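**Student:** Right, I'll just put the structure down here and ask away after.
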Amino acid sequence: MNLNRKVTLLFGGVSLGTLVMLIVISLYAFRSYSIASSTAHVRTAAEMVRVHLTEAMIHGIIDKREQFLDRLMEVQGLRSARVVRSSHVNDQFGAGMSREMQADETEKLVLADGKARYNLDDIDGESIFRGTIPFAASARGTPNCLQCHNVGEGDVLGAVTIELSLAELKRKALATVFMIIVTVAVFSLLAILAARRLILPVGSTARAVERAVERALKGDFRGRVEQRTDDEVGEIATHTNDLLTFLDQGLGRISQRVVQLTGRTVSHDENQLEVAIDMVNGLADASGFKQAIEEDETKAQIFDRFGKVLVERFGIEEFSIYETDGPKQLATVSVNGVPNASCHWCDPQILARGEMCRAKRSGHTVDGFAQPGICYAFQPSAEGGEARRHYCVPIMQCGTVGNVVQLVVPESKIDEFQEQMPYVQVYVREMAPVLEAKRLTETLRESSLRDAMTGLNNRRFLEEYVDTLIASNRRRKATIAILMLDLDYFKIVNDSYGHDAGDSVLKALAGVLKHSVRASDMVIRFGGEEFLIVLQDTDAEGAMRVAENIRAAVAEMKVQAGGTVLQKTISVGVATFPHDSDTFWQTVKFADVALYRAKEEGRNRVVMFASEMWEGHAESY
87 MNLNRKVTLL
97 FGGVSLGTLV
107 MLIVISLYAF
117 RSYSIASSTA
127 HVRTAAEMVR
137 VHLTEAMIHG
147 IIDKREQFLD
157 RLMEVQGLRS
167 ARVVRSSHVN
177 DQFGAGMSRE
187 MQADETEKLV
197 LADGKARYNL
207 DDIDGESIFR
217 GTIPFAASAR
227 GTPNCLQCHN
237 VGEGDVLGAV
247 TIELSLAELK
257 RKALATVFMI
267 IVTVAVFSLL
277 AILAARRLIL
287 PVGSTARAVE
297 RAVERALKGD
307 FRGRVEQRTD
317 DEVGEIATHT
327 NDLLTFLDQG
337 LGRISQRVVQ
347 LTGRTVSHDE
357 NQLEVAIDMV
367 NGLADASGFK
377 QAIEEDETKA
387 QIFDRFGKVL
397 VERFGIEEFS
407 IYETDGPKQL
417 ATVSVNGVPN
427 ASCHWCDPQI
437 LARGEMCRAK
447 RSGHTVDGFA
457 QPGICYAFQP
467 SAEGGEARRH
477 YCVPIMQCGT
487 VGNVVQLVVP
497 ESKIDEFQEQ
507 MPYVQVYVRE
517 MAPVLEAKRL
527 TETLRESSLR
537 DAMTGLNNRR
547 FLEEYVDTLI
557 ASNRRRKATI
567 AILMLDLDYF
577 KIVNDSYGHD
587 AGDSVLKALA
597 GVLKHSVRAS
607 DMVIRFGGEE
617 FLIVLQDTDA
627 EGAMRVAENI
637 RAAVAEMKVQ
647 AGGTVLQKTI
657 SVGVATFPHD
667 SDTFWQTVKF
677 ADVALYRAKE
687 EGRNRVVMFA
697 SEMWEGHAES
707 Y
């Protein structure tokens, strides 16, 4: 129901209610007035009859009282008038006329108690007002009733009954009420028409605003509201149009910018507002994702978070993430969310020959959704009896492909996921610079912790790792053996054959050391020709055995330097933690003390640290 109809019904209801109440009040007022007026007329007529009867008795013409009553009937509206006598009068003067003796029930009550009674009756469809007035004896006034009648004060001598017809009065009352009804109805109709004329622009504007808002809710802000008046309603229409124009232009600019960021195209049949909200939410989520991965420590954590986004936000449960491993190879980072799993959706040959991957080779997105079979390396298994298609996105790092994200979707869900791909591209774009930063950080960190010439970890690496090493050792209550090694007479090699020959010797020595210990042990280039080996879970006896093997292997080592074959020996000092010291770096110092003792004792030997080497000689070291 529209506003105009509601207002019309409201005014109509108010008018009808007012009319009904006015009719009821008027009828009640006319009835009350009629009864009061008739009562006064009856009392007046009764007083006239009483006076006439009194005068007739004084002048001796009481026998002509019937003529007076007959003439009284000529009064308009007077239907009947008659007099009844009480038993007091009959006892004194004898019976009167026959009709004066036939009192009805009402008259009998009046003669008995002396109280006037009034009744309004409907006789043959005519409203009749009847009043019965008693004549009571009284010693007051002139003539004195008690002078002629043998009765006491207040005794009822008789009663007069007057009947008035209210037909004419009723007709006039109904005519008056009818005129009131007509007047009020005409006034109400005019008021309703005037109200409709005033409210019509409001209702029309409200309907126009409603239609414009409905269109806006569907993303169409081109609806306009016609301005019908120059008052507040017209201002509402104007402001509504201004708002729609502002929203249309603003949403258009937002959509254009977001489309530039996401690459998602918007069709005309889509809800522009919902699309814009969806795109903005997608960008906000991608921004939050970028902030999260920027605080991740490793690339593995970033790829794990990205895999969860693919599953939880986009519903893509089948995917692979590859990383370049050298200039020509690929390595699987994650397959269906499982880290370092084997190649599943492509020919495994791409791991050895990365150029087989079209995304890796071209550096462009490979859309297998739109072009099935575009990449020959894609070999999906039809799990669940349904074929798959793929969508591969390369992640560029320093101008080359660093990673490839492969999304695999069943053919039945291609259309559903086709709309999600621009948002996936946004996530990949946000992830690319973070991955590049992590790669550069890892490369820089790796270079700062590793000796470039020998490929061994350096002293800085040991300084950063030592806290973790000691905590793990104490938790396991294990022993760590420290070997300090130094080539004998290495300076002669540099002086006699040059630094290139010296570098060759150091590289060969690093190879011997790495092959002489376990993978869990650490070989550190401590400085110059000095090396340090950390043997985990190794006691003094085991450490001496490993050190002796190293000494022997180095003694047999031969290094080709130009036209000369060089052969060197090595001295080794051994100390154990926490047996020799409960401080790691003090244990290293003790191993260095043992190394000096090996040098002093003739070189090419292994010496275990003993407490007497330190006692009394600390200042010399």
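Heads up: take any position in the sequence shown, counting from 1, add 86, and you land on this note's numbering. Here a beta-carbon is modelled for each residue, glycine too, at the ideal position from N, C-alpha and C. Remember, predicted model here, so these are calculated numbers, not experimental data.
Work out the CA separation of Arg91 and Ile248 for me, nearest whole Å.
**Tutor:** Answer to the nearest angstrom: the Cα atoms are 56 Å apart.
**Student:** What's the gap between the Cα of Phe405 and the Cα of Ile500?
**Tutor:** So the alpha carbons of these two residues sit roughly 14 Å apart.
**Student:** Quick one: what's got a C-beta closer than 7 Å to Gln313's C-beta in the same chain, skipping five residues either side?
**Tutor:** Here the set comprises Gly320, Ala323, Thr324.
**Student:** Check this for me: beta carbons of Leu592 and Ile636, under 8 Å apart or not?
**Tutor:** No; because the gap between Cβ atoms is not below 8 Å, this pair is not in contact.
**Student:** Among Asp317, Leu330, Arg165, which one has its Cα closest to the Cα of Leu303?
**Tutor:** Taking only the C-alpha atoms, the option nearest Leu303 is Leu330.
**Student:** In whole angstroms, what is the alpha-carbon distance linking Ile388 and Arg561?
**Tutor:** One C-alpha to the other measures close to 31 Å.
**Student:** Go through its chain and collect everything with a Cβ distance to Ile460's Cβ below 8 Å, but skip five positions before and after it.
**Tutor:** Only Arg444, Val452, Asp453, Gly454 meet the Cβ criterion.
**Student:** Taking the alpha carbon of Ser697 as the reference point, which residue from Val479, Gly393, Lys675 has its own alpha carbon closest?
**Tutor:** It is Lys675.
**Student:** With a CB to CB cut of under 6 Å and the five nearest residues on each side skipped, what residues in its chain are close to Ala131?
**Tutor:** Contacts found: Ile248.
**Student:** Excluding five sequence neighbours on each side, which residues of the same chain lie with their C-beta closer than 6 Å to the C-beta of Phe400?
**Tutor:** Correct list, in chain order: Gln506.
**Student:** Where does Gly305 sit, in a helix, a strand or coil, going by DSSP?
**Tutor:** The answer is coil: DSSP assigns Gly305 none of H, G, I, E or B.
**Student:** Leaving out five residues before and five after His40 in sequence, what residues of the same chain have Cβ atoms less than 6 Å from its Cβ?
**Tutor:** Given a span of 87 to 707 for the chain in the structure shown, any question on residue 40 remains unanswerable.
**Student:** Rounded to whole angstroms, what's the CA-CA distance from His174 to Arg203? Just pull it up for me.
**Tutor:** Those two C-alpha atoms are separated by around 21 Å.
**Student:** Could you please give me the residues that DSSP links to Ile84 through a beta bridge?
**Tutor:** Because the chain spans 87 through 707 in this model, residue 84 falls outside it and cannot be assessed.
**Student:** Below 8 Å between beta carbons: does that hold for Glu409 and Val395?
**Tutor:** It is not a contact, given that the beta carbons lie outside the stated cut-off.
**Student:** Taking Tyr513 as the reference, give the member of Asp241, Val270, Ala372 with the closest Cα.
**Tutor:** If we check each option's Cα against that of Tyr513, Ala372 comes out closest.
**Student:** Going by DSSP in three states, Val311 sits in which element: helix, strand or coil?
**Tutor:** Coil.
**Student:** Assuming the contact rule is C-beta atoms closer than 8 Å, Thr655 and Ala567 should be a hit. Round their C-beta distance to whole Å, please.
**Tutor:** In fact, because the Cβ distance is near 21 Å, the residues do not count as touching under 8 Å.
**Student:** How about Asn543 and Met608: are their beta carbons less than 8 Å apart?
**Tutor:** Closer than 8 Å, so yes.
**Student:** Is the beta carbon of Leu530 sitting closer than 8 Å to the one on Phe547?
**Tutor:** Not closer than 8 Å, so no.
**Student:** Can you tell me whether Leu573 is buried or exposed? The criterion is at least 16 other CB atoms within 10 Å of its CB, across all chains shown.
**Tutor:** Looking at its Cβ environment, which holds 16 or more other Cβ atoms inside 10 Å, Leu573 is buried.
**Student:** Between the C-alpha atoms of Asp316 and Ile267, what's the straight-line distance to the nearest angstrom?
**Tutor:** C-alpha separation (whole angstroms): 37 Å.
**Student:** Please state the DSSP three-state secondary structure of Tyr462.
**Tutor:** Note: Tyr462 maps to coil in three-state DSSP.
**Student:** Taking 8 Å as the cut-off, does the stretch 232–252 touch the stretch 277–289 (at least 3 CB pairs, one atom from each stretch)?
**Tutor:** Too few Cβ pairs lie closer than 8 Å, so no.
**Student:** Would you kindly work out how many angstroms separate the C-alpha atoms of His450 and Gln335, rounded to a whole number?
**Tutor:** Going by the C-alpha atoms only, they are around 35 Å apart.
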